[in-house]
Structures are given as structure tokens and as C-alpha cells.
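In the working numbering, the protein residues as written are 3 to 296.
Data block below; observations after.
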Ligand SMILES: [Zn+2]
């Protein structure tokens, strides 16, 4: 039962929602900065972002997918994290990371797809290590139409070995060991797989089971230093989570919960986000997507 309370408090951020307020944020194409430095404001599920930076479409060890979604924006710390992780993995021959959604130019609620990703500190990374992406820049159409496969065998809680790769484990481990990472959401079956490994488990604390997330994992950074209006999440449990709390996700109660329709309330954003939404002047560093041609 305590897990249901936890879920209620946290909000089911992966469910779709639609509200006029979200559309206001989604239609803005320019970043804005109020104050001297980039600021994540509010919480992951009710907040916004001042001073966002757009992740370039290509970098060493990564390529950005879904360029037309207008969700390539993050706090500069998030951009740095993605670039560092991708470069490190590339140098270790783990493959090229395909990057899904970050956030909108000024953060805020999205009209579809996420409850979180509002403060520029969340990013989705696909479970797809395409060999094609290692040898060339993917075409615009490929970035728009490719999907990552589920790593679960159809209609089951088993990992599909043909879709899973040891490189995924190394990438998750490297991400979880990054000090700026607060937690990483994965499908419960992925967490269970990692728990069976004999390697040291200290970093597994940060790997958190969550609904869906079977074709990507979701990295959430801590509030950046000196972002005094950024609201962090409750601390992680002390244990590595390879215990009864994980077993719950495979219970009948969890399955029933997953099947329920969710109608989350529209988030109430901090007043400061009004100023971010209404700010007129875009900051200079708002690169478009050169090289994609469209
Ligand atoms: Zn996500």
C-alpha cells in the first residue's frame, strides 16, 4: 500500500495529459532567460526553465531523435551530462546513444507524453544502439520515424534477449554513477535484471522501477547548484531496491494499478514561471538544428 501512496505523491508522469496551459508552453519556440544564470524553477512535474540550451543534433557518441518535437532543450548541466556520457560510452565502444525528449524551450508542461521533463533536468535515452548511427548521421526522416524496440518479450515481464545488450547495462551503470544524476527510471524488469548481476550494487539505488519505460530509460538530474527555486525530489531509499519494493511491481496490485485510467490534475506552476513564459527576448544561444536540412 505504501507504494501506492508513493505513486500518488509522485504523480504518474508518463501518462498523457492535455491542457491549455501545457499548450502555451509547447507553442513557444524561443528560450528566455530571466536573471544572470540558467535556472530550473519548481519541481520536475510542475516547473519551468530559464536559460535553456538546445542539445545539438549530433555530438560525439550521440544523435538527437525526433527533431520536430521541440523538446531538445535542457538546463546547461543536462546538456553537459548527455555530452559527457555519450563521449565516455563512445570511447568505450558501447555504441551511439539515441536521445529522445529533453524539455521545451522554456520547460513547462508538455501537452503529451510526459508529466515531468518540465525543468530541463530530465532526458529520455533510447534502448537502441544502431550500428547505422555509428557510421553516419541519421537522416531527418529516420530521426522522425524510427522507434526504439521494447526490451520486453511480448506481453510478459521477461527481458527479450535479442533486444537487450550488455552495453545497455554499462550505459545505465555509468549514468547512475554520475554524481549529478538523482535517479534513473527503468521498467521494473530492467531493474530486476540488474539486481541479478553479481557486480557491486551501490549505484543500483539510483535505478528506480517505474511504469512503462521498456523502450527507453529516463535520467533525472539533481537540482543544479545555486538554483534556489528548484525543488528536488524526496531522497532515495537507502537500500539498493532489489527487495520487496521491487517485487511489488510484479504483483496483481501493481498490474491493476497500471490498467487504471489516469487523469492527472494540471500542474500548478510557481509564480516565477509566469515571468519565464512571458519574457520577450530570447537568449543568444538558441541553436536551431543545423545539418538536418529541415
Ligand atoms: Zn522521460
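Backbone N, C-alpha and C fix where the C-beta goes; we use that ideal spot for every residue, glycine too.
Within a Cβ cutoff of 8 Å, which residues of the same chain sit near residue i, ignoring the five residues on either side of it in sequence?
i	result
residue 172	91, 94 and 96
residue 3	Confidence is the limiting factor: at residue 3 the pLDDT is only 40, short of 50, which leaves the residue's position unreliable and the question unanswerable from this model.
residue 183	83, 177, 208, 221, 222, 223 and 224
residue 204	242
Please list, in chain order, all residues of the same chain as residue i whose beta carbon is under 7 Å from its beta carbon, the five residues on each side excluded.
i	result
residue 61	85 and 88
residue 118	15, 46, 47 and 124
Can you check whether the C-beta of residue i is within less than 8 Å of a C-beta belonging to chain C?
i	result
residue 140	The chain inventory of the structure shown lacks chain C, comprising one protein chain alone.
Got a sec, what are the start and stop residues for the alpha helix (DSSP H) residue i sits in?
i	result
residue 276	274 to 280
residue 218	Run containing residue 218: none in the alpha helix (DSSP H); it sits in the beta strand (DSSP E), 218 to 223.
residue 269	It is not in any alpha helix (DSSP H) - residue 269 carries neither H nor E in the DSSP assignment.
residue 173	168 to 178
residue 233	First-last for residue 233: undefined, no H or E at that position.
residue 133	133 to 137
residue 147	142 to 147
residue 249	246 to 249
According to DSSP, what are the bridge partners of residue i?
i	result
residue 106	Answer by DSSP bridge pairing: none, since residue 106 is not bridged.
residue 41	52
residue 210	187
residue 75	56 and 105
residue 161	154
residue 61	64
Please list the terminal residues of the continuous beta strand (DSSP E) segment that includes residue i.
i	result
residue 79	Note, residue 79: premise wrong, no beta strand (DSSP E); alpha helix (DSSP H) at 78 to 93.
residue 68	No beta strand (DSSP E) contains residue 68, which DSSP labels as neither H nor E.
residue 183	183 to 188
residue 101	99 to 101
residue 124	124 to 128
Using a Cβ-Cβ cut-off of 6 Å (strictly less than) and excluding sequence neighbours within five positions of residue i, which residues of its own chain qualify?
i	result
residue 30	107 and 108
residue 2	Outside the shown range of the chain (3 to 296) lies residue 2, about which nothing can therefore be said.
Please report the Cβ distance between residue i and residue j, rounded to the nearest whole angstrom; I am assuming they are in contact, meaning their Cβ atoms lie under 8 Å.
i	j	result
residue 73	residue 51	At roughly 12 Å, the Cβ-Cβ gap does not stay under 8 Å, so residue 73 and residue 51 are not in contact.
residue 154	residue 174	No, residue 154 and residue 174 are not in contact; Cβ-Cβ is about 16 Å, not under 8 Å.
residue 110	residue 275	7 Å
Exercise for the section: Indicate whether the contact test is met: 3 or more Cβ pairs, each with one atom in the region 149 to 166 and one in the region 190 to 198, closer than 8 Å. Expected result: Flag = yes, the region 149 to 166 and the region 190 to 198 touch.
Practice task
May I ask you to verify whether the region 216 to 224 touches the region 238 to 253, counting CB pairs closer than 8 Å and requiring at least 3?
Solution key: For the pair of segments examined, the region 216 to 224 was found not to touch the region 238 to 253: the number of CB pairs separated by less than 8 Å stays below three.
Problem - Contact the region 52 to 70 vs the region 235 to 244: 3+ CB pairs below 8 Å - result: Segment contact: the region 52 to 70 against the region 235 to 244, fewer than three CB-CB distances shorter than 8 Å; contact not assigned.
Handout entry: the region 144 to 152 / the region 39 to 56 touching (three or more Cβ pairs under 8 Å)
Key = No, the region 144 to 152 is not in contact with the region 39 to 56.
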